Amino acid sequence: MADYMAPPIPIQDELIPIDGASLLQEFRATVLNETAHMPEVSLRYLLWLVLSDQPLDEVKRFANQVRLDLNEQRLANAVHLAVSSVGMEEKSGLASCW
Numbered sequence: 051m052a053d054y055m056a057p058p059i060p061i062q063d064e065l066i067p068i069d070g071a072s073l074l075q076e077f078r079a080t081v082l083n084e085t086a087h088m089p090e091v092s093l094r095y096l097l098w099l100v101l102s103d104q105p106l107d108e109v110k111r112f113a114n115q116v117r118l119d120l121n122e123q124r125l126a127n128a129v130h131l132a133v134s135s136v137g138m139e140e141k142s143g144l145a146s147c148w
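Each residue of the sequence shown is one higher than the last, beginning at 51 in the numbering used here.
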């Protein structure tokens, strides 16, 4: 059995049930918002999948895709930061000291 992990945000005692149509409207509004970031769009779609009782295989497939995308973004950011710091060292002359 997996260890329990507390959610990153507090859970309300009473939640109002939301229908699938409302969730889908929220998702579509986010997609149409040109300033929305992909993690928000993905999270809203995942919420729709879960709360509208879509097949578990679909939920898992999308959740794993989001996980892969997030890991890829994290790796790309780490590489970008590493390349940027090397460039800064070269500009400041620190690289030649080593």
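By construction, the Cβ of each residue, glycine as well, lies at the ideal position given by its N, Cα and C atoms.
These numbers were taken from a predicted model, which means no experiment stands behind them.
Exposed or buried, what is R94 when buried is set at 16 or more other beta-carbons lying within 10 Å of its beta-carbon? Counting from 1 along the sequence shown, the entry for residue 94 is found at position 44. Flag for R94 reads buried.
Give a yes or no on whether the C-beta atoms belonging to L97 and L73 are separated by under 8 angstroms. Sequence index remark: in the sequence shown, residue 97 carries index 47 (1-based). Sequence index remark: in the sequence shown, residue 73 carries index 23 (1-based). Note that the C-beta distance between L97 and L73 is below 8 angstroms.
Between S92 and the rest of its own chain, which residues show a CB-CB distance below 7 angstroms, the 5 nearest in sequence each way excluded? The residue you call residue 92 lines up with position 42 of the sequence shown. Here S92 has V116 as same chain residues with Cβ atoms under 7 angstroms from its own Cβ, once five neighbours each way along the sequence are excluded.
Spell out a yes or no on whether the stretch 78-89 and the stretch 58-69 are touching, meaning 3 or more CB-CB pairs, one atom from each, closer than 8 angstroms. The stretch 78-89 vs the stretch 58-69: no contact.
Output the distance between the C-alpha atoms of K110 and M88, rounded to the nearest integer angstrom. Along the sequence shown, read from residue 1 onward, the residue named residue 110 stands at position 60. Along the sequence shown, read from residue 1 onward, the residue named residue 88 stands at position 38. Roughly 18 angstroms between the two C-alpha positions.
How long is the line joining the alpha carbons of A113 and L99, rounded to whole angstroms? Position 63 of the sequence shown, counted from the start, is the residue given in the question as residue 113. Position 49 of the sequence shown, counted from the start, is the residue given in the question as residue 99. Answer to the nearest angstrom: the Cα atoms are 10 angstroms apart.
As assigned by DSSP and simplified to three states, the class of A56: One-based indexing of the sequence shown puts residue 56 at position 6. Residue state, collapsed to three classes: coil.
Would you mind reading off the limits of the alpha helix (DSSP H) that contains E76? Here residue 76 corresponds to residue number 26 of the sequence shown, with the count starting at 1. Taken as a continuous stretch (DSSP letters only), the alpha helix (DSSP H) holding E76 covers 70-82.
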